[in-house]
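*Asks:* Numbering (the working numbering), first residue to last: 141 to 486.
No residue lacks a Cβ here, since even glycine has one placed at the ideal position from N, Cα and C.
My questions all concern the structure below.
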Ligand code: GLV
Ligand code: MG
């Protein structure tokens, strides 16, 4: 185990100082694109005005014979595209693949200044993060980078799930974690054949007596998302719901995103432009919620101590703290998004 005293030392001579806090930037939607697809790449400057994060995907969904073109395409985007305020992330190939070493080496040395976060798929335990951590430090030193690149793990194996707390705390580079429901389902031997979302067979049924007996579909991902949120909160990093594969089912996508938002997630992946607006809507607090939070904080005073009744509802230190969570998010988003600033009156 590394001593706490050494935790924030660079892992290679000449590498930038590790971060002490994850810098907050909006990341409500992490929009995936295939950098080997020229049609998609041509849309990047327009998309950059609409999304919080653009992610050049090199892993699954990019065919093996396109892996090098995707890597080169991403370097080109990083070096030339006008991205405004949008962050640029990548998802590299998994650590056992023949491509990942070149993914990391090429991207850090040729696009490192522009790359904010590297998403590592199929993370199994803290040892995977330690490997990436040291390698990135070496590459950052070689590239002369002035700030460290952050790391984001995808939870998509049973062992990764079982080690999620150690993964989140494995390095000061850890920015966040996404749920990867498709790979996780396969790895756990769940019997679903879809990318995220619910399943009509996963239900509870009303007791015998009533006819017909009502059924209620349950959330397959509740345990997983809740555990991921706790692990992230405990280590001061950010949790995300991952992909929702049924692009045509915008309603269920919105529900899945909102469940994740209410449980503590800060964003989700968008796989198609239609999911960008869903994520923006869901992961930005509702104006009415913000107005209520402002009212509670105003009526309780600056220190939030004691108890007051507002509209028949008891407010105390704990509700004050919940309201400040909503207000802090609203204030942070409003600083970047004039439409939200107007809607919140901030
Ligand atoms: C994402 O990568 C997933 O497997 O769901
Ligand atoms: Mg996956």
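Would you check whether the ligand GLV has a heavy atom nearer than 7 Å to the C-beta of residue 146?
*Replies:* The answer is no for residue 146.
*Asks:* Taking the straight line between their C-alpha atoms, what separation do you get for residue 487 and residue 371?
*Replies:* Residue numbering for the chain in the displayed model covers 141 to 486; residue 487 lies beyond these limits and cannot be assessed.
*Asks:* Would you kindly work out how many angstroms separate the C-alpha atoms of residue 269 and residue 199, rounded to a whole number?
*Replies:* If you take the alpha carbons of residue 269 and residue 199, they lie about 17 Å apart.
*Asks:* Just the Cα atoms here: how many angstroms apart are residue 486 and residue 375?
*Replies:* Whole-angstrom Cα-Cα distance: 30 Å.
*Asks:* Among the residues of its own chain, which have a CB less than 8 Å from the CB of residue 472, if the five just before and after it don't count?
*Replies:* If we look at residue 472 and ignore the five residues flanking it on each side, its Cβ neighbours are 164 and 166.
*Asks:* Could you check whether the stretch 346-364 touches the stretch 382-392, counting it as contact only if at least three pairs of C-beta atoms, one from each stretch, sit closer than 8 Å?
*Replies:* Touching, no.
*Asks:* Whole angstroms are fine: how far does the CA of residue 483 sit from the CA of residue 274?
*Replies:* Computed Cα separation, rounded: 44 Å.
*Asks:* Are residue 231 and residue 195 touching if we call contact CB-CB under 8 Å?
*Replies:* The answer is yes: Cβ separation under 8 Å.
*Asks:* Please report the distance separating the alpha-carbon of residue 432 from that of residue 368.
*Replies:* Computed Cα separation, rounded: 28 Å.
*Asks:* Cβ of residue 305 versus every heavy atom of the ligand GLV: is any distance shorter than 7 Å?
*Replies:* Every heavy atom of the ligand GLV is 7 Å or more from the Cβ of residue 305, so no.
*Asks:* Does the Cβ of residue 205 have 16 or more other Cβ atoms within 10 Å, making it buried, or fewer, making it exposed?
*Replies:* Classification of residue 205: exposed, given that the 10 Å Cβ count is below 16.
*Asks:* So, do the stretch 455-467 and the stretch 434-446 have three or more beta carbon pairs nearer to each other than 8 Å?
*Replies:* They touch, by the three-pair rule.
*Asks:* Mind checking whether residue 193 and residue 171 have CB atoms under 8 Å apart?
*Replies:* Taking 8 Å as the Cβ cut-off, residue 193 and residue 171 qualify as a contacting pair.
*Asks:* Could you name each continuous alpha helix (DSSP H) segment of 4 residues or more that falls completely within the stretch 194-252, going from the start of the chain to the end?
*Replies:* Segments of the alpha helix (DSSP H) lying fully in the stretch 194-252: 207-220 and 240-251.
*Asks:* Quick check: what's the CA-CA separation for residue 154 versus residue 312?
*Replies:* Distance between the alpha carbons of residue 154 and residue 312 is about 17 Å.
*Asks:* Check the DSSP bridge columns for residue 361 and list the partner residues they point to.
*Replies:* DSSP lists no partner for residue 361.
*Asks:* Less than 8 Å separating the beta-carbons of residue 320 and residue 295?
*Replies:* Their beta carbons are under 8 Å apart, which means residue 320 touches residue 295 by this criterion.
*Asks:* Classify residue 145: buried if its beta carbon has 16 or more other beta carbons within 10 angstroms, exposed otherwise.
*Replies:* Looking at its Cβ environment, which holds fewer than 16 other Cβ atoms inside 10 Å, residue 145 is exposed.
*Asks:* Kindly indicate which residue of 351, 360, 397 and 414 has the alpha-carbon position closest to the one of residue 190.
*Replies:* The shortest C-alpha separation from residue 190 is found at 414.
*Asks:* Hey, residue 285 and residue 156: beta-carbon distance below 8 Å or not?
*Replies:* Cβ distance < 8 Å, so residue 285 and residue 156 count as in contact.
*Asks:* When you measure from the CB of residue 376 to every non-hydrogen atom of the ligand MG, does any distance come out below 7 Å?
*Replies:* Checking every heavy atom of the ligand MG against the Cβ of residue 376, none is found closer than 7 Å.
*Asks:* Mind checking whether the beta-carbon of residue 268 lies closer than 7 Å to any heavy atom of the ligand GLV?
*Replies:* Incorrect: residue 268 has no Cβ contact closer than 7 Å to the ligand GLV.
*Asks:* Tell me the DSSP bridge mates of residue 293?
*Replies:* According to DSSP, which records beta bridges pairwise, residue 293 is partnered with 260 and 317.
*Asks:* State yes or no: is the C-beta of residue 493 nearer than 7 Å to some heavy atom of the ligand MG?
*Replies:* This structure cannot speak to residue 493, because the chain is shown only from 141 to 486.
*Asks:* Closer than 7 Å by C-beta to residue 282: which residues in its own chain qualify, once you throw out the five before and the five after it? Chain order, please.
*Replies:* So the list reads 249, once near-sequence residues are dropped.
*Asks:* In three-state terms, what does DSSP make of residue 478?
*Replies:* Helix, per DSSP.
*Asks:* Between the stretch 288-304 and the stretch 331-351, do at least 3 Cβ pairs fall closer than 8 Å?
*Replies:* Too few Cβ pairs lie closer than 8 Å, so no.
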